[in-house]
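*Asks:* In terms of our numbering, the sequence shown is residues 4 to 305.
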Amino acid sequence: MDSSVAVNSVSTADRIAAAKASVSLLLCLCSFAVGLSPVKFAHGWRESRAGITRKPTVASVLLCFGGGVLLYTALVQMQPDVRQTVRVLQADGRLPDTVHLGDLIFCLGLFAVFVIDEFVNLTRGPGRRTITLAEPGAHPSPKSFRVLFAVVALSFQEAFVGLSFGMETSGPDDPVWYAYATASATKLIVSFCLGMELAWSGARNSAIVACSAVFATVTPVGVAIGMALSQCCGNVVAYKPPSPGILHVISQGLGAGSLAFVVFLEVFPRHKHAGFTHLMSAVVGFYVMLLLQFATDYQQSA
Numbered sequence: 004m005d006s007s008v009a010v011n012s013v014s015t016a017d018r019i020a021a022a023k024a025s026v027s028l029l030l031c032l033c034s035f036a037v038g039l040s041p042v043k044f045a046h047g048w049r050e051s052r053a054g055i056t057r058k059p060t061v062a063s064v065l066l067c068f069g070g071g072v073l074l075y076t077a078l079v080q081m082q083p084d085v086r087q088t089v090r091v092l093q094a095d096g097r098l099p100d101t102v103h104l105g106d107l108i109f110c111l112g113l114f115a116v117f118v119i120d121e122f123v124n125l126t127r128g129p130g131r132r133t134i135t136l137a138e139p140g141a142h143p144s145p146k147s148f149r150v151l152f153a154v155v156a157l158s159f160q161e162a163f164v165g166l167s168f169g170m171e172t173s174g175p176d177d178p179v180w181y182a183y184a185t186a187s188a189t190k191l192i193v194s195f196c197l198g199m200e201l202a203w204s205g206a207r208n209s210a211i212v213a214c215s216a217v218f219a220t221v222t223p224v225g226v227a228i229g230m231a232l233s234q235c236c237g238n239v240v241a242y243k244p245p246s247p248g249i250l251h252v253i254s255q256g257l258g259a260g261s262l263a264f265v266v267f268l269e270v271f272p273r274h275k276h277a278g279f280t281h282l283m284s285a286v287v288g289f290y291v292m293l294l295l296q297f298a299t300d301y302q303q304s305a
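#1: Taking just the CA atoms, how far does Ser63 sit from Glu50?
#2: Taking the alpha-carbon positions, what's the Thr185 to Leu30 distance?
#3: What number of angstroms, rounded off, separates the C-alpha of Cys110 from the C-alpha of Leu257?
#4: Between Val291, Ala263, Ile253, Met170, which has its C-alpha nearest Arg86's C-alpha?
#5: According to DSSP, is His251 part of a helix, a strand, or is it coil?
#6: Rounding to the nearest angstrom, what Cα-Cα distance links Asn208 and Ser284 in this structure?
#7: Between the segment 90-107 and the segment 220-227, do at least 3 Cβ pairs fall closer than 8 Å?
#8: Can you tell me the Cβ-Cβ gap for Gly288 and Gly38, rounded? I've got them flagged as a contact below 8 Å.
#9: Taking a contact to mean a Cβ-Cβ separation below 9 Å, would you say Cys33 touches Leu293 in this structure?
#10: Mind checking His281: buried by the 16 CB within 10 Å criterion, or exposed?
#11: Quick one: residues in its chain with C-beta nearer than 6 Å to the C-beta of Gly229, no 5 flanking neighbours on either side, listed in chain order?
#12: Leaving out five residues on either side along the sequence, give the residues of the same chain with a beta carbon under 6 Å from the beta carbon of Ser27.
#13: Excluding the 5 residues flanking Gln160 on each side, which residues of the same chain have their C-beta closer than 7 Å to its C-beta?
#14: By DSSP, does Leu113 sit in helix, in strand, or in coil?
#15: Express the C-alpha separation of Ser187 and Leu295 in angstroms, rounding to a whole number.
#16: Taking Pro83 as the reference, which of Tyr290, Phe271, Thr60, Gly260 has the closest Cα?
#17: Does DSSP put Phe279 in a helix, in a strand, or in coil?
#18: On the three-state DSSP scale, how would you describe Ser272?
#19: Whole angstroms are fine: how far does the CA of Ala94 sit from the CA of Gly71?
#20: Return helix, strand or coil for Ala206, following the three-state DSSP convention.
#21: Put Phe99 into one of helix, strand or coil per three-state DSSP.
#22: Considering only C-alpha positions, which residue in the set Tyr290, Ile19, Val265 is nearest to Val154?
#23: What is the DSSP secondary structure of Thr220, reduced to helix, strand or coil?
#24: Starting from the C-beta of Gly54, find all residues in its chain whose C-beta is less than 6 Å away, skip the five residues before and the five after it, and write them out in chain order.
#25: Would DSSP call Glu200 helix, strand or coil?
#26: In the DSSP assignment, find the alpha helix (DSSP H) that holds Thr60 and state where it starts and stops.
#27: Confirm, please, whether the CB-CB distance from Leu74 to Ala263 is below 9 Å.
#28: Compute the beta-carbon to beta-carbon distance between Thr279 and Pro41, rounded to the nearest angstrom, for a pair I have assumed lies under 8 Å.
#29: One question on the structure: do Gly69 and Glu269 come within less than 9 Å of each other, judged by their Cβ atoms?
#30: Helix, strand or coil, according to DSSP, for Glu171 in the structure here?
Quick look at the structure:
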């Protein structure tokens, strides 16, 4: 009797592990493909500078949509997590009890990217400070360095999402799986927006491929590590994921600041035109992420 129960338990665990591996691999492939898709669009939407300034284009509308997505990601997803994690680390004595330390890290990230951007502009010399939408991929742009900071920070965040999911021992019928599905949809949207920003910032195709690959693979890697920890360390670890450390919270805060820089000082000023088309595109991007967050919270509380 006990042996049959043990066999059934092992069989169920194997099925759950196989389902996690399959879902993670599928998400990795989809995220990579979605992140690379804007490269083709950027080369297909070459228009003159005059044409871009006279009327809204599909590219500029999509970039404003991506700006709304990245705005939500920076200010509503990442930065509140930074504040909460900083408070936990301060309570543990691992960080100084500085008031608003999480927000200071955010501002440090914004100004750090600002300073780096100015230094890069100085080294490029006069006449090469900006790149228009009519020349996607023409030259490596300092704007691409700004997005790289965001990719690194978002990769850390996605790795911890995968780690938490990998440590779960529940089956596919559990609400945690539905919450992970919603988080996966969020990742696909963010992946497209990051690819769009990189493609129009003048980044090389090799850099876009590398960033898309890193952002796509961190979640499956986190899931694999979480599954390994769950198998090796038992139920105690499985139900008590490790809290983020100092390196994670600093990188996330700096990344949120760099995302805010990209949105407020790059996307909206350069691609926002007169009228409500671009404004509504940014609002739609913001509220799409908000609805996905509501869906995630609902599934987790179910």
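Every residue gets a Cβ at the ideal spot worked out from N, C-alpha and C, and that includes glycine.
*Replies:* This is what the structure gives:
#1: For this step, residue 50 is matched to residue 47 along the sequence shown. For this step, residue 63 is matched to residue 60 along the sequence shown. Per-residue confidence for Glu50 stands at a pLDDT of 48, beneath the threshold of 50, marking its modelled position as unreliable; no derived number is given.
#2: In the sequence shown, the residue the question calls residue 185 occupies position 182. In the sequence shown, the residue the question calls residue 30 occupies position 27. Straight-line Cα distance between these residues: approximately 12 Å.
#3: On the sequence shown, residue 110 is found 107 positions in, with the first residue counted as 1. On the sequence shown, residue 257 is found 254 positions in, with the first residue counted as 1. Spanning the two alpha carbons is a distance of roughly 8 Å.
#4: Mapped onto the sequence shown, residue 86 falls at position 83. Arg86 has its Cα closest to that of Ile253, out of Val291, Ala263, Ile253, Met170.
#5: The residue you call residue 251 lines up with position 248 of the sequence shown. In the structure shown, His251 adopts helical secondary structure according to DSSP, grouped into three states.
#6: Your numbering for residue 208 matches position 205 in the sequence shown. Your numbering for residue 284 matches position 281 in the sequence shown. In a straight line, the C-alpha of Asn208 is about 26 Å away from that of Ser284.
#7: They do not touch, by the three-pair rule.
#8: Here residue 288 refers to the residue found at position 285 of the sequence shown. Here residue 38 refers to the residue found at position 35 of the sequence shown. In this structure Gly288 is not in contact with Gly38, their Cβ atoms being roughly 17 Å apart against a cut-off of 8 Å.
#9: Locating residue 33 in the sequence shown gives position 30, where the first residue counts as 1. Locating residue 293 in the sequence shown gives position 290, where the first residue counts as 1. With a cutoff of 9 Å on beta-carbon distance, Cys33 and Leu293 are scored as not near each other.
#10: Within the sequence shown, residue 281 is the residue found at index 278, counting from 1. Here His281 is buried: its Cβ has 16 or more other Cβ atoms, across all protein chains shown, within 10 Å.
#11: The count along the sequence shown starts at 1 and reaches residue 229 at position 226. Counting only residues of its own chain and dropping the five nearest sequence neighbours on each side, Gly229 has a CB closer than 6 Å to the CB of Leu166, Gly169, Met170.
#12: Taking the sequence shown and counting its residues from 1, one reaches residue 27 at position 24. Pro223, Val226, listed in sequence order.
#13: Numbered from its first residue, the sequence shown carries residue 160 at position 157. Only Met81, Gln255 meet the Cβ criterion.
#14: Here residue 113 refers to the residue found at position 110 when the sequence shown is read from its first residue. Helix.
#15: The count along the sequence shown starts at 1 and reaches residue 295 at position 292. The count along the sequence shown starts at 1 and reaches residue 187 at position 184. The C-alpha of Ser187 is placed about 10 Å away from the C-alpha of Leu295.
#16: Against the sequence shown, residue 83 aligns to sequence position 80. Looking from the CA of Pro83, the closest CA among Tyr290, Phe271, Thr60, Gly260 belongs to Gly260.
#17: Sequence index remark: in the sequence shown, residue 279 carries index 276 (1-based). Note: Phe279 maps to coil in three-state DSSP.
#18: Taking the sequence shown and counting its residues from 1, one reaches residue 272 at position 269. Reading the sequence as shown, one finds Pro at residue 272 and not Ser. Three-state result, Pro272: helix.
#19: Against the sequence shown, residue 71 aligns to sequence position 68. Against the sequence shown, residue 94 aligns to sequence position 91. Answer to the nearest angstrom: the Cα atoms are 34 Å apart.
#20: For the purposes of this step, residue 206 is taken as residue 203 along the sequence shown, with counting starting at 1. In this structure, Ala206 counts as coil in the three-state DSSP scheme.
#21: Position 96 of the sequence shown, counted from the start, is the residue given in the question as residue 99. It should be noted that the sequence gives Pro, not Phe, for residue 99. The three-state secondary structure of Pro99, taken from DSSP, is coil.
#22: Within the sequence shown, residue 154 is the residue found at index 151, counting from 1. The alpha carbon of Val154 has as its nearest neighbour, out of Tyr290, Ile19, Val265, the alpha carbon of Val265.
#23: Position 217 of the sequence shown, counted from the first residue, corresponds to residue 220. Note: Thr220 maps to helix in three-state DSSP.
#24: The sequence position of residue 54 within the sequence shown is 51, counting from 1. In this predicted model, Gly54 has a pLDDT of only 43, less than 50, meaning its place in the structure is not dependable; the value taken from the coordinates is given anyway. There are no such residues.
#25: Counting from 1 along the sequence shown, the entry for residue 200 is found at position 197. Reduced to three states, the DSSP call for Glu200 is helix.
#26: For the purposes of this step, residue 60 is identified with residue 57 of the sequence shown, where counting begins at 1. Where Thr60 is concerned, there is no enclosing alpha helix (DSSP H), given that its DSSP letter is neither H nor E.
#27: As a working mapping, residue 263 is identified with position 260 in the sequence shown. As a working mapping, residue 74 is identified with position 71 in the sequence shown. Cβ distance < 9 Å, so Ala263 and Leu74 count as in contact.
#28: Locating residue 279 in the sequence shown gives position 276, where the first residue counts as 1. Locating residue 41 in the sequence shown gives position 38, where the first residue counts as 1. For clarity, residue 279 is Phe in the given sequence; the question names Thr instead. Contact doesn't hold; Cβ gap of about 24 Å is too wide.
#29: Here residue 69 corresponds to residue number 66 of the sequence shown, with the count starting at 1. Here residue 269 corresponds to residue number 266 of the sequence shown, with the count starting at 1. Against a cut-off of 9 Å, the Cβ pair of Glu269 and Gly69 comes out as no contact.
#30: As a position in the sequence shown, residue 171 is number 168, starting the count at 1. The answer is coil: DSSP assigns Glu171 none of H, G, I, E or B.
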